[in-house]
Amino acid sequence: MIAWNELKQRLHQDGEFRVAARFWNATLRLDMGEASHRLRFEDGSLVDVSPCSADTACDVFVTASEAEWHELLAPVPRPYYQDLFGAQFQHGVRLPEDPIAYAAYYPALRRLLQLLSASKEVSQ
Amino acid sequence: MIPLEAVTGRYLTLELDGLPHRVYFEEAGTGIPLLCQHTAGAHGAQWRHVLASAAVTRNFRVIAYDLPYHGKSLPPEGKAWWSEEYRLTKSFLMQVPVAVARALELARPVYMGSSIGGHLALDLASNHPDVFRAVIGLEAAAATPGTYLDIMNHPRVSNAFKASLMYGLTAPTAPEPYRRETEWVYSQGAPPVFKGDLYYYSIDHDMGDAELAAIDTSKCAVHLLTGEYDYTTPLAVSKAAADRIPGAYFSTMEGLGHFPMCEDPERFLACLLPVLEKIRALESAA
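The listed protein sequences derive, respectively, from chains A and B. Quick note on numbering: the first sequence equals residues 4 to 127 in the working numbering. Quick note on numbering: the second sequence equals residues 1361 to 1646 in the working numbering.
Right, here's the structure in full:
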């Protein structure tokens, strides 16, 4: 579904993401239906992506069914899928219960999602 | 030639909750007064495209004010506001457009607001139909519980979080520079203000069916317009409020989110102008 190497390159080259992700040291887990991936960031750079299980320890996760990821990553998302917080509020997307876990890097997460969408398009 | 715009900015002092408050406002145009209320945690710059629209200002005197604690309207000097948590109440918020209308001697103005301003449209129609000839509520509802959240004013979270959330409340089809401008305005708010405003949005504004049904639209016309991408005031919730008000007008704004006037001004004005024409036609008929 995602061209991960392509994503890594895009994140590295993206000015908005680099600004938003400065000082970010965290593990992000993306659960896309049955498939989960662990993304490790060091000082704002994505240094590793690897498949993992849905219970792998992480600092932040985004969990959704494959169908909902399809909505989130659509070029023009349907109403309320245009934002993670909104998709959590009105749809079935899940983020950590305590928003402190991701609030400081919400702008980075938001940009990451846009670049994931672009990476998905390239891989098809 | 000096490239000055037609919009002018001034201050006036209003008595609110028994204290003088110095309030900033901008205005442009002539004709029926149109008071514009910004969203929670923001300021009047959100209305800059309406203020600049010749199609609006040829028949309406547009006045966009900054609530106290927002934009250029600083906190009052007469109280130790720093020693208590900032909280916007329905009682205080309703006073502001009423006081502006009286101070500027406006004859039966039209009121328009979005988000907290949209909710306020309904509270004004219910409580002050003698002051306003019509209200236009953008993203309005009878109640929107669940958003008075501690994360909106947390020492470990910067304003960038709130601003980023607001970007997510705009429509993905809106022009990118205006989505970013909407986000930028939010990043300018004083840290406690957004959450404090949500006290009104999420708790203090709570209208029951009986209150909605009692609104007299023959005295104060009610127009509700809601964007299809607004996840905090979903279309169904907004329309449900309109359905309970006899004679209220409701319209879906396709391709718009929670900040119609600033996220996609062209699309918004296409929705707004027919409403303003209806209001103008009422005056002509009278």
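We treat Cβ as the ideally placed atom computed from N, Cα and C, and that holds for glycine.
Under a Cβ-count criterion, where at least 16 other Cβ atoms within 10 Å of its own Cβ denotes burial, should B:Thr1390 be classed as buried or exposed? exposed
In whole angstroms, give me the CA-to-CA distance for B:Pro1435 and B:Arg1447. 12 Å
Apply the 10 Å Cβ neighbour rule to A:Asn28 and answer buried if 16 or more other Cβ atoms are within range, or exposed otherwise. Answer is exposed; the Cβ neighbour count stays below 16.
How close, in whole Å, do the beta carbons of B:Leu1395 and B:Ile1423 come, if the pair is a contact with beta carbons under 8 Å? The beta carbons of B:Leu1395 and B:Ile1423 sit about 5 Å from each other, so the pair counts as a contact at 8 Å.
Going by alpha carbons, who is nearest to B:Ala1502 out of B:Ala1570, B:Tyr1425, B:Ser1451 and B:Trp1544? B:Ala1570
Do B:Val1582 and B:Ala1485 come within 9 Å of each other at the CB atom, strictly closer than that value? yes
For the candidate residues A:Arg32, A:Leu49 and A:His73, whose alpha-carbon lies nearest to that of A:Cys55? A:Arg32
How many Å lie between B:Ser1451 and A:Gly47 at the Cα? 46 Å
Does B:Tyr1471 come out as helix, strand or coil in the three-state DSSP assignment? strand
Can the beta-carbon of B:Ser1475 be found less than 9 Å from the beta-carbon of B:His1618? yes
Please identify the residue among B:Arg1627, B:Arg1421 and B:Ala1440 whose C-alpha is closest to the C-alpha of B:Arg1379. In the sequence as displayed, the identity of residue 1379 of chain B is Leu instead of Arg. Minimum Cα distance to B:Leu1379 is reached at B:Ala1440.
Can you list, in chain order, the residues of its chain with a C-beta nearer than 7 Å to that of B:Val1553? Leave out the 5 residues immediately preceding and following it. Gly1401, Tyr1429, His1430 and Tyr1446
Enumerate in chain order the residues of its own chain whose CB-to-CB distance from B:Glu1375 is below 8 Å, with the five nearest sequence positions on each side excluded. His1381 and Ala1459
Suppose you measure from the CA of A:Pro78 to the CA of B:Ala1641; what does that come to, to the nearest Å? Spanning the alpha carbons of A:Pro78 and B:Ala1641 requires a straight line of approximately 42 Å.
Please work out which residues of its chain come closer than 6 Å, Cβ to Cβ, to A:Ser126, disregarding the five sequence neighbours upstream and downstream, and give them in chain order. Because A:Ser126 sits at a pLDDT of 42, beneath the cut-off of 50, its placement in the model cannot be relied upon, and the following sentence gives the value as read from the coordinates. Taken in chain order, the residues that qualify are Ala6.
Kindly identify the DSSP beta-bridge partner or partners of A:His94. Beta-bridge pairing links A:His94 to no other residue.
Residue interval of the beta strand (DSSP E) (run including B:Ala1402): Run containing B:Ala1402: none; DSSP gives neither H nor E here.
Can you name, in chain order, every residue of its own chain whose Cβ lies under 6 Å from the Cβ of B:Pro1625, other than the five neighbours on each side? His1409
Note down, one range per segment and in chain order, each beta strand (DSSP E) of at least 3 residues found wholly within the region 1411-1474 of chain B. 1420-1425 and 1470-1474
Going by the CB atoms, is the gap between B:Val1456 and B:Phe1420 shorter than 9 Å? no
For B:Arg1516, go through chain A and note every residue whose CB falls closer than 9 Å to its CB, in chain order. Ile103, Ala106 and Ala107
Three-state class that DSSP yields for B:Phe1554 in the structure shown: helix
Since I believe A:Leu116 is in contact with A:Leu75 (beta carbons under 8 Å), could you give me their beta-carbon distance rounded to a whole number of angstroms? 7 Å
Compile a chain-ordered list of the residues in the region 1527-1539 of chain B whose CB is closer than 9 Å to at least one CB of chain A. Tyr1527, Gly1528, Leu1529, Thr1530, Ala1531, Pro1532 and Thr1533
What residue from B:Ala1388, B:Val1383 and B:Thr1373 has the CA that sits closest to B:Leu1364's CA? Residue B:Ala1388 is the option with its Cα nearest to B:Leu1364.
Which residues share a DSSP beta bridge with B:Met1526? Per DSSP, none; premise fails for B:Met1526.
Does the region 1556-1574 of chain B come close enough to the region 1594-1605 of chain B that 3 or more CB-CB pairs lie under 8 Å? Remark: three or more beta-carbon pairs, one from each stretch, lie closer than 8 Å, so the region 1594-1605 of chain B and the region 1556-1574 of chain B are flagged as touching.
Does the CB of A:Gln127 have a neighbour CB from chain B at under 9 Å? Caution applies to A:Gln127, whose pLDDT of 41 falls short of 50 and renders its modelled position unreliable; the value that the coordinates give is listed next. So, not an interface residue.
Below 8 Å on the Cβ atoms is my contact criterion, and I expect A:Phe64 with A:Pro99 to pass it. Report the Cβ-Cβ distance as a whole number of Å. 6 Å
Look at the Cβ atom of A:Thr66, then the Cβ atom of A:Arg41, and state whether they are nearer than 9 Å. no
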